[in-house]
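At position 6 of the sequence shown (counting the first as 1) the number is 10 in the working numbering, and the numbers step up by one without a gap.
Cβ coordinates follow ideal geometry from the N, Cα and C atoms, glycine included.
Computed from a predicted structure; not experimentally measured.
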Amino acid sequence: MLPDNDSLALFVKAAECGSLTKAAEVSHMSLGAASRRIALLEHKFKTILFERTSKGIHLTPAGAALVHYAKDLLVDLNKMQSEMSAFEAGNKGVLRVLASTSSMAQCLPEDLALFSKAHPDYKLIVHEAWSNEITQSILAAEADVGIIMKGAFTAGLDVFDYRTDHLAALFRSDHPLAHKDNFSFSDVLDYDLIGLEGSANLMKLLTMEATNLGKTMKLRVEVRSFEAVLKMVQSGLGVGLLPKDVGLSKAASGDVVCRPLPEPWAVRQMLICTRQGQSKNLALTNFLSTLLGSIPKAA
C-alpha cells in the first residue's frame, strides 16, 4: 500500500526546508505528529530517509531517490483531483490541451473561447509547450490534443491541418532594413539575431535556409518569450524572428517595425494532433470540429 498523500507532502516539505520543525509548521501539524509520519514512512520503506544533525536534517541516498518520485506523484495526484473535480461540478468531461508558443500567441485563444461557449459543460486544461514535447506527451497519453508546428515528429498520431503561421522579422525603427525595399531573409542574415530558446523546429528551419544561402545565423541572444524578443529588439541587440501576427501587435508601439519574410518557406503550417483511435471521444470530436471549422476559407 502506498503512503498517504499528507505524509508524502510532509516528507517533501522537510526535504526542501532541511528542517522537520519548519515542515511541521507549514503543514499545520505538531512536531510530534510530523515525526511519527516520517517514522512510518521509514518503516514502510525499511530504510532511513533523513540524517539528523544539530544543524537540521539531510536526505540520505534513499531519501533523495524517494523525494523525486514523491514530487511527481503529488503533481499527478493534484492533476487527478483537478480533473475529477470537473465531473463533480457537473462537467461532461475534461480535455487536456498542449499548445505551441506560436499558436498561443495568435489564433488559439479565440478558438478555445469559441469551443467553451459552444460546449460549456467541458473543462479545458491548457498548457504551453514546444512542439516536440507536445507530440511526446500526446503519445504518452499525458494530454488529449496538441497544437504544433509542422516538422515535429508525428508518427503514430492523427494529424489535421489547422492554421498557417507567417514568419516575420522585427526591426527597431532605425534599423537599416526597417524600411528597405525588397528585403529578404538573406539581408536579415547580415545582422545579429534574437532567437526563441527551445524552439528547435524553428531554429532548424532557419538554419537550413541560411545554409542554402551559403550563410550562417548570427544568433546573439536567445530568450524565452515573444515579449522578451521585443525588449531585445527595442534595445538594439538585433533583429527578432517571430510570427507575423505577433510581430504586428508588438509593432503597434511605433518603435519597432514588423516585416513578413517574403520567402515561400516562411509560411508554416500549424497542425492539430491526437492519439490514434480516439473517434469515440465525444469531447475531442467536438473540439476538433470547432477548431477545424474556425479556419478561414480560401478566397
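**Asked** Would you call the region 247–256 and the region 167–179 touching, i.e. three or more CB-CB distances under 8 Å?
**Response** yes
**Asked** Is it a yes or a no for the region 202–211 touching the region 132–140, going by three-plus beta-carbon pairs under 8 Å?
**Response** yes
**Request:** Tell me whether the beta-carbon of Val16 lies closer than 7 Å to the beta-carbon of Ala69.
**Result:** What you label residue 16 is simply residue 12 of the sequence shown in a count that begins at 1. What you label residue 69 is simply residue 65 of the sequence shown in a count that begins at 1. No, they are not a contact pair.
**Asked** By how many angstroms is the C-alpha of Thr105 removed from the C-alpha of Pro113?
**Response** By one-based count along the sequence shown, residue 113 stands at place 109. By one-based count along the sequence shown, residue 105 stands at place 101. The straight-line gap from Cα to Cα measures roughly 11 Å.
**Request:** Taking 7 Å as the cut-off, decide whether the C-beta atoms of Gly155 and Ile142 are in contact.
**Result:** Taking the sequence shown and counting its residues from 1, one reaches residue 155 at position 151. Taking the sequence shown and counting its residues from 1, one reaches residue 142 at position 138. No; because the gap between Cβ atoms is not below 7 Å, this pair is not in contact.
**Candidates Pro180, Ser23, Trp269, Leu252: closest to Ser58 by CA position** = Your numbering for residue 58 matches position 54 in the sequence shown. Among Pro180, Ser23, Trp269, Leu252, the Cα nearest to that of Ser58 is on Ser23.
**Request:** May I ask you to report which of helix, strand or coil DSSP gives Arg228?
**Result:** Position 224 of the sequence shown, counted from the first residue, corresponds to residue 228. Coil at Arg228, not helix or strand.
**Request:** Could you work out which residue in Ser293, Ile299, Ala214, Asp194 is closest to Phe119 when comparing CA atoms only?
**Result:** Stepping through the sequence shown from its first residue, residue 119 is reached at position 115. Out of Ser293, Ile299, Ala214, Asp194, Ser293 has the C-alpha closest to the C-alpha of Phe119.
**Prompt:** Of all the options Ile299, Leu295, Leu286, which has the alpha carbon lying nearest to the alpha carbon of Asp125?
**Reply:** Start at 1 with the first residue of the sequence shown, and residue 125 comes out as number 121. Nearest option by C-alpha distance: Leu286.
**Request:** Determine the direct distance from the alpha carbon of Ser11 to that of Arg41, and round the result to whole angstroms.
**Result:** Taking the first residue of the sequence shown as 1, we reach residue 41 at position 37. Taking the first residue of the sequence shown as 1, we reach residue 11 at position 7. For Arg41 and Ser11, the distance between alpha carbons rounds to 6 Å.
**Item:** Range covered by the beta strand (DSSP E) that runs through Gly297
**Value:** Position 293 of the sequence shown, counting from 1, holds the residue named residue 297. Element bounds for Gly297: not the beta strand (DSSP E) but the alpha helix (DSSP H), 286–297.
**Asked** So which of Cys111, Val101, Glu146, Ala109 has the shortest CA-CA distance to Lys127?
**Response** On the sequence shown, position 123 is the one that residue 127 refers to. Looking at the Cα atoms, Val101 is the closest of the given residues.
**Prompt:** Mind pulling the alpha helix (DSSP H) runs of 4 or more residues that sit fully within the region 184–228?
**Reply:** 189–192, 204–216
**Asked** Do you know whose CA, among Val163, Asn82, Met153, lies nearest Thr278's CA?
**Response** The residue given as residue 278 occupies position 274 in the sequence shown. It is Val163.
**Asked** Shortest alpha-carbon distance to Leu265 belongs to which of Ala28, Leu193, Ala145, Ala159?
**Response** As a first step, residue 265 must be located in the sequence shown, where it is residue number 261. For the residues Ala28, Leu193, Ala145, Ala159, the minimum Cα distance to Leu265 belongs to Leu193.
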